[in-house]
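*Asks:* In the working numbering, the protein residues as written are 2 to 287.
No residue lacks a Cβ here, since even glycine has one placed at the ideal position from N, Cα and C.
Before I ask anything, let me first share the structure, which is written out below as structure tokens.
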Amino acid sequence: MRQAPALPRTRTPRAAADRLIPALVTGIPKLLFGLYLAAFFLYLFAPLVVMSAAAFNTSRFPTVTPWLGTTLDWFEAMAADQAMWRALWTSALVALGVVVVAVPVGTAAALVLTSLHSRARGFLYALMVSPLLMPGVVIGIATLILWRQIGVGGGTFLIVIAQASFITAYVMLMVTARLQRFDRTLEEAALGLGASRAMILRRILLPFLRPALLAAAFIAVLQSVENYNTTLFVRGFDTPLTVYIATKVRTGLTPAVNALGLVMIAITVAGAVIWEIARRLDARRR
2 MRQAPALPRT RTPRAAADRL IPALVTGIPK LLFGLYLAAF FLYLFAPLVV MSAAAFNTSR
62 FPTVTPWLGT TLDWFEAMAA DQAMWRALWT SALVALGVVV VAVPVGTAAA LVLTSLHSRA
122 RGFLYALMVS PLLMPGVVIG IATLILWRQI GVGGGTFLIV IAQASFITAY VMLMVTARLQ
182 RFDRTLEEAA LGLGASRAMI LRRILLPFLR PALLAAAFIA VLQSVENYNT TLFVRGFDTP
242 LTVYIATKVR TGLTPAVNAL GLVMIAITVA GAVIWEIARR LDARRR
């Protein structure tokens, strides 16, 4: 006898719900994560977009509303503003000086800290990171009072000293984090083969620490350029870029500052792209 053809299985509402609920449960976290990323990048980049757009607005005040017209005059004003370029040059000199001071001192502090295995390690660690907990105003005033006792007034030198006093702690933390992954048996093996301490530092430690040192130097530059509270009290007659912009805010800020910010953003992005391309090409060659 022929068997009757099987009827197609119909999906019951309960079976559909059983499949839909797990999909919703797994999809909601992804949706929330996507919304969080969108909000994060909007919060991060929206001010930069508004600042960059204001550089093309005809308005004499840095704004995008109302939009009075598109112009490139503010880039010409930026190029003609000699005081701004002097302030930028001062900030570059200060940042270079901070890197020269903070990176070696912070690296030495990290080496000393990681070589200790006693209770003194915790005390030294707290002592080294304490400048990060102090307000910048306190560091600036204290530095000015101390160095005036020996006849050193405010200026570029004192700005470097004041900024390096707390930026060194950032360098120390970054180098210390890198040293946690260092294999100390490499030093012992090198000493057993007759290497000196200086050779170990030059041939083993510094190549291993190079990524952390480059990152620390970059962080030191950023911290130096954007610092205002400490710099204000020790600058003397020198005017770094942050102090110049703050002064322009009180006396009359123009979109020429926005044009400078846009140029700096473009240079930073171009440098990051070139660095990433060079890194990938180097990885392919290896």
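Looking at chain B, is there any beta carbon in it that lies within less than 8 Å of the beta carbon of Gln150?
*Replies:* Checking the listed chains, one finds no chain B in this structure; it contains a single protein chain.
*Asks:* Can you say whether Tyr171 is buried or exposed, counting buried as having 16 or more other CB atoms within 10 angstroms of its CB?
*Replies:* Label assigned to Tyr171: buried.
*Asks:* Could you check the C-alpha separation between Ala191 and Ile201 for me, to the nearest Å?
*Replies:* Taking the straight line from one Cα to the other gives about 7 Å.
*Asks:* Output yes or no for whether 8 Å exceeds the beta carbon distance between Pro256 and Trp68.
*Replies:* No; because the gap between Cβ atoms is not below 8 Å, this pair is not in contact.
*Asks:* Hey, quick one: how far does the alpha helix (DSSP H) through Ser60 stretch, first residue to last?
*Replies:* Element bounds for Ser60: n/a, residue is neither H nor E.
*Asks:* Alpha carbon to alpha carbon, what distance is there between Thr144 and Ile151?
*Replies:* The straight-line gap from Cα to Cα measures roughly 12 Å.
*Asks:* Please tell me whether Tyr229 and Ala247 are closer than 8 Å, where the distance is taken between their beta carbons.
*Replies:* Going by C-beta atoms, Tyr229 is nearer than 8 Å to Ala247.
*Asks:* Assuming Gln181 is part of the alpha helix (DSSP H), what are its boundary residues?
*Replies:* Careful: Gln181 lies outside any alpha helix (DSSP H) and carries neither H nor E.
*Asks:* Assuming Ser166 contacts Pro212 under a Cβ cut-off of 8 Å, what Cβ separation, rounded to an integer in Å, is found between them?
*Replies:* That belief does not hold up - the Cβ atoms of Ser166 and Pro212 are roughly 25 Å apart, past 8 Å.
*Asks:* Just to check my reading of the structure: Met316 and Asn259 have Cβ atoms closer than 8 Å, yes? What is that Cβ distance to the nearest angstrom?
*Replies:* Residue 316 falls outside the range modelled here, since the chain spans only 2 to 287, and no answer is possible.
*Asks:* Alpha helix (DSSP H) containing Ser131: first to last residue?
*Replies:* It spans Ala121 to Leu134 - the alpha helix (DSSP H) in which Ser131 sits, taken as one unbroken run.
*Asks:* What is the DSSP secondary structure of Thr255, counted as helix, strand or coil?
*Replies:* It is coil, neither helix nor strand.
*Asks:* When you compare the CB positions of Ala111 and Leu180, do they come within less than 8 Å of one another, or not?
*Replies:* Against a cut-off of 8 Å, the Cβ pair of Leu180 and Ala111 comes out as a contact.
*Asks:* Expressed to the nearest angstrom, what Euclidean distance is found between the alpha-carbon atoms of Tyr126 and Asp82?
*Replies:* Cα to Cα, the separation comes out at about 45 Å.
*Asks:* Could you check whether Ile140 and Thr231 sit closer than 8 Å to each other, using their CB atoms as the reference points?
*Replies:* Yes, the pair counts as a contact, with Cβ atoms nearer than the cut-off.
*Asks:* Indicate the three-state DSSP secondary structure (helix, strand or coil) for Thr72 in the structure shown.
*Replies:* In this structure, Thr72 counts as coil in the three-state DSSP scheme.
*Asks:* Taking Cβ positions, are Val106 and Thr169 nearer each other than 8 Å?
*Replies:* Yes; because the gap between Cβ atoms is below 8 Å, this pair is in contact.
*Asks:* Return the CA-CA distance between Ala96 and Lys31, expressed in angstroms with no decimal places.
*Replies:* Looking at the two C-alpha atoms, the distance is approximately 42 Å.
*Asks:* Buried or exposed: Met265, going by 16 or more other Cβ atoms within 10 Å of its Cβ?
*Replies:* Exposed, by the Cβ-count rule.
*Asks:* Buried or exposed, going by whether 16 or more other CB atoms sit within 10 Å of the CB of Ser225?
*Replies:* The residue in question, Ser225, is buried, as its Cβ has 16 or more Cβ neighbours within 10 Å.
*Asks:* How big is the Cα-Cα spacing for Leu36 and Ser92?
*Replies:* Rounded to whole angstroms, Leu36 to Ser92 spans 38 Å at the Cα level.
*Asks:* So, with DSSP's three-state summary, where would you put Ile151?
*Replies:* Residue state, collapsed to three classes: coil.
*Asks:* Going by other Cβ atoms of all chains shown within 10 Å of its Cβ, with 16 needed for buried, is Leu8 buried or exposed?
*Replies:* Low local confidence applies: a pLDDT of 46 at Leu8 is under 50, so the model's placement there is unreliable, and no value is given.
*Asks:* Measuring CB to CB, does Val176 end up less than 8 Å from Gly98?
*Replies:* Not in contact: Val176 and Gly98 (Cβ atoms no closer than 8 Å).
*Asks:* Only counting runs of 3 or more residues, tell me where the beta strand (DSSP E) segments fall wholly within the segment 81-106, in order along the chain.
*Replies:* The qualifying runs do not exist here; there are none.
*Asks:* Can you tell me where the alpha helix (DSSP H) with Leu223 in it begins and where it stops?
*Replies:* From DSSP, the alpha helix (DSSP H) with Leu223 extends over Leu207 to Glu227.
*Asks:* What number of angstroms, rounded off, separates the C-alpha of Ala196 from the C-alpha of Ala109?
*Replies:* Between Ala196 and Ala109, the C-alpha separation is close to 20 Å.
*Asks:* The alpha helix (DSSP H) with Leu192 in it runs from where to where?
*Replies:* Segment Thr186 to Gly193, the alpha helix (DSSP H) holding Leu192.
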